[in-house]
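Plus 217 on top of the position in the sequence shown (first one is 1) and you've got my numbering. Ideal placement from N, C-alpha and C gives every residue a C-beta, glycine not left out. Note that the structure is a prediction, hence the values are computed from the model and not measured.
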Amino acid sequence: MHTLTNTPRHVIITGGSSGIGLALAALYGQQGARITLIARSPERLAQAAERLVASGVVNTAIEAADVTDEAAVATAITEAQVRFGPCDLLITSAGLVEPAAFETQSSADFDSQMQTNFSGTVYAVRAVYPAMKARRAGHILMISSGAALIGIHSYSAYCASKAALHGFAEALATEARPAGVGISICCPPDTDTPQLTAERLKRPVEAEMLMGAARVWTADAVARRAARGLERGEFAVFCGVSLTALGYFGSLVKPVLYWLYNRRLLARRPL
């Protein structure tokens, strides 16, 4: 078990310009960590950095890079470590969700979610992991989703990308543990972020029937839960009772959920 008991000196966050990534940046930055934010938009990064400084975070830097570009991510992380020293905690929070029925979604939209959510995380991890192993120190936190735990109508690409992320984290943890490197994955529910606002405009009623009853968390609440999980040495950090039940007892819980869901789905279809 690898616990993160002390405030990391340098935290690098992909997808750090908004949402959960920015909330984690504020949490660790206010504890004294040096923060590097990585995201695609220089403008949004600059705005995020201003928000952090206004909240009392002293040492903040930004690096513009698209996480689907492995070379760009590696360069951004190299620059970050030259500036602030070795990465003690990598948080991969960059994500993309485009709900649509599988047969209507283009291959490009499907692939972009796989590349951003899965490959984008792998690229960032690859950029820090060898040095962490050599130092026998460091922690990697991957932000996944409750969608990694259950299949959702019109979320085939998103569910697949997040489930792949979970498998990657589990496998990497077996390699990293003997080398003194911690691996964790966080599965939040719907979280009040700009991405959720845009996503809900496209979410079909069939998906809302399964997802809509769940409480929406704030980004700050998810950040606090993730940080507490790292302090406790948790590999899988689940947010809320429902996702904890799915995470630990999915084989028992999911058949019941699908049975109830399918009954509701059939009931609303015209005869």
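- In the DSSP assignment, G312 falls outside any beta strand (DSSP E) and carries neither an H nor an E.
- Each of T224, L244 and Q298 was checked against the Cα of I255, and the nearest Cα belongs to Q298.
- One thing to note: S401 has its Cβ within 8 Å of the Cβ of H356.
- Judged by their CB atoms, E423 and S371 are nearer to each other than the 8 Å cut-off.
- Closest option to G238, judged by alpha-carbon separation, among L269, R226, N223 and L221: L269.
- Between S361 and K350, the C-beta spacing is not below 8 Å.
- C456 carries a coil assignment under DSSP once its states are collapsed to helix, strand and coil.
- A direct Cα-Cα distance of roughly 11 Å separates N223 from L306.
- For T231, the uninterrupted beta strand (DSSP E) run begins and ends at H227 to T231, by DSSP.
- The beta-bridge partner set that DSSP reports for R251 consists of H227.
- Inter-residue distance for V345 and M359 is about 13 Å (C-alpha atoms, whole angstroms).
- Taking a C-beta distance under 8 Å as the contact criterion, I252 and V284 do not qualify as a contact pair.
- With fewer than 16 other beta carbons inside 10 angstroms of its own, V473 counts as exposed.
- The way I'd put it, the segment 380 to 394 doesn't touch the segment 433 to 447; fewer than three beta-carbon pairs between them come closer than 8 Å.
- If you draw a straight line from the Cα of S323 to the Cα of Q248, it comes to about 44 Å.
- Straight-line spacing of the CA atoms in Y465 and L244 works out to 28 Å.
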